[in-house]
Amino acid sequence: MTDTNRRTFLAGAALTATAAATLGASKGAAAQSSPPVTAPTTPAAGAYPKPPYPTDMQPWPGLASKMNPRPDHGETSYKGSGRLAGKKALITGGDSGIGRAAAIAYAREGADVAINYLPVEEPDAREVIALIEAEGRKAVAIPGDLRDEAFCQSLVDQAADQLGGLDILVNNAARQQTRPDIASISSQDLDDTMKTNVYAPFWLTKAAVARMQAGAVIVNTSSEQAGSPSADLIDYAMTRAAVLNFAKGMAKQLAPKGIRVNAVAPGPFWTPLQISGGATVEKLRTFGSDGPLGRAGQPAEIAGLYVAAADPLLSFSTGQIFGATGGNGQPA
């Protein structure tokens, strides 16, 4: 018998013995009381808003706290189970949308969390910091513009220093602006989108790897746009494809160091990205209606994938794409 089989056999025997010893007591307890029922992470999923949606637009980058309807990031529903206990995580775009949902989930899974955001997003960021601290976890707020390489290096340094290390980097912040045709995409548009969505993850990953140890994880946010680009999101879709490629390549490069790299690719989600120029008024009104679920996703519904992408129990998963497209198939 191999060492692995022997351990498996002994573990199974121990469990069997324990079960046999407690069976009578369990039956007696069951007769007196029912086991507690754990509430689902998103109990309101069946009642989430469906199109037509209000078209209350905001200036870029938008605030979740001013959205109508306000997104569900899991503030009152996400239930943790210690899957990221003791981890130190940095999440860009952690003030709202998917980044906010990931930050809440990470804190409730036992991680200390640093979030990055633009200074104008401070009101949303303050809410997230309070939610993290309410879980008894350390929360670090680091505002700044990811289009600046020097700031990206500083961001990683600040997060690692204040958290006492860095185990997880979530490259989530993104810029998305709808444009009717390529003639409408200025060089400044392209530069801002590329620097936010491609350069920043590159710079942050480069800085983070120097701080990370074996067992660390990098999680990149991509999009279904990587494989199925919309005609009015050409520059954005290009960057999402680049991020997927980057994740797969870095997964191979960092595997010998014991650092995993995965990507999460969302479909249509109800976040400030959409109401601050990421979609036209017409598109926003019917957002997500063409998918099998007939609606946009809520950030709380994808938070679990960010946990899974970083979960130490999934240590054989690297270079993977975790998708949530509302039934529209694989993201890329």
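Using the numbering used here, read the sequence shown as starting at 138 and increasing by one per residue.
Glycine included, C-beta positions come from ideal geometry on N, C-alpha and C.
Tell me Leu-283's beta-bridge partners as DSSP assigns them. For the purposes of this step, residue 283 is identified with residue 146 of the sequence shown, where counting begins at 1. Its beta-bridge partners do not exist; DSSP assigns none.
Sorted by chain position, which residues of the same chain lie with C-beta nearer than 7 Å to Gly-415's C-beta, five sequence neighbours on each side aside? Numbered from 1 along the sequence shown, position 278 holds the residue referred to as residue 415. Gln-313, Gln-314 and Thr-315.
Across which residues does DSSP place Ile-252 in a beta bridge pair? The sequence position of residue 252 within the sequence shown is 115, counting from 1. Answer by DSSP bridge pairing, in chain order: Ile-228 and Ala-278.
Nonlocal neighbours in the same chain, by C-beta distance under 7 Å from His-210, ignoring five residues either side: Residue 210 sits at position 73 when you count from the first residue of the sequence shown. The residues are Arg-237, Ala-238, Ile-241, Pro-436 and Ala-437.
Please list the segments of the beta strand (DSSP E) lying wholly inside the stretch 308-382, counting only runs of 3 or more residues, in order along the chain. 354-358
Which class does Arg-432 belong to by DSSP, given the choice of helix, strand or coil? Translated into the one-based positions of the sequence shown, residue 432 becomes position 295. Here Arg-432 sits in coil by DSSP.
Going by beta carbon distance, what residues of the same chain come within less than 7 Å of Ala-392, once the five residues before and after it are set aside? Position 255 of the sequence shown, counting from 1, holds the residue named residue 392. The residues are Thr-455.
Could you pull the start and end residues of the alpha helix (DSSP H) that Arg-422 belongs to? Locating residue 422 in the sequence shown gives position 285, where the first residue counts as 1. Counting along the chain, the alpha helix (DSSP H) containing Arg-422 begins and ends at 418-422.
Relative to the C-alpha of Ala-296, which candidate in Lys-187, Lys-225, Leu-442 and Asp-329 has its C-alpha closest? Against the sequence shown, residue 296 aligns to sequence position 159. Considering only alpha carbons, the answer is Lys-225.
Would the stretch 259-279 count as touching the stretch 344-351 if we require 3 or more Cβ pairs under 8 Å? no
Out of curiosity, what's the CA-to-CA distance linking Ala-168 and Ser-218? What you label residue 168 is simply residue 31 of the sequence shown in a count that begins at 1. What you label residue 218 is simply residue 81 of the sequence shown in a count that begins at 1. Annotation note: pLDDT 36 at Ala-168 (below 50); position unreliable, coordinate value reported separately. Looking at the two C-alpha atoms, the distance is approximately 27 Å.
For a test of the three-state rule: what should DSSP assign to Gly-219, helix, strand or coil? Counting from 1 along the sequence shown, the entry for residue 219 is found at position 82. Coil at Gly-219, not helix or strand.
Starting from Pro-403 and walking both ways along the beta strand (DSSP E), at which residues does that stretch end? On the sequence shown, residue 403 is found 266 positions in, with the first residue counted as 1. That run of the beta strand (DSSP E) goes 397-403.
Report, in whole angstroms, the separation of the C-beta atoms of Ala-400 and Leu-381, which I expect to be a contact under 8 Å. In the sequence shown, counting from the first residue as 1, residue 400 sits at position 263. In the sequence shown, counting from the first residue as 1, residue 381 sits at position 244. Right, their Cβ atoms sit about 6 Å apart.
Just verifying my parser: in three-state terms, what is the DSSP assignment at Leu-391? Taking the sequence shown and counting its residues from 1, the one referred to as residue 391 is at position 254. The answer is helix: DSSP assigns Leu-391 an H, G or I state.
Is the beta carbon of Leu-421 less than 8 Å from the beta carbon of Asp-372? Residue numbering aside, residue 421 sits at position 284 when the sequence shown is read from its first letter. Residue numbering aside, residue 372 sits at position 235 when the sequence shown is read from its first letter. No, the Cβ-Cβ distance between Leu-421 and Asp-372 is not below 8 Å.
Pro-206 versus Gly-395 - alpha carbon distance: The residue labelled residue 206 in the question sits at position 69 within the sequence shown. The residue labelled residue 395 in the question sits at position 258 within the sequence shown. If you take the alpha carbons of Pro-206 and Gly-395, they lie about 42 Å apart.
CA-CA distance, Ala-287 and Asp-427? Here residue 287 refers to the residue found at position 150 when the sequence shown is read from its first residue. Here residue 427 refers to the residue found at position 290 when the sequence shown is read from its first residue. Looking at the two C-alpha atoms, the distance is approximately 42 Å.
Taking 8 Å as the cut-off, decide whether the C-beta atoms of Gly-223 and Gly-199 are in contact. Indexing the sequence shown from 1 puts residue 223 at position 86. Indexing the sequence shown from 1 puts residue 199 at position 62. No.
Run through the DSSP bridge pairs and tell me what Ala-461 is partnered with. As a first step, residue 461 is located in the sequence shown; it is residue number 324 there, counting from the start. DSSP output for Ala-461 lists Pro-403 as bridge partner(s).
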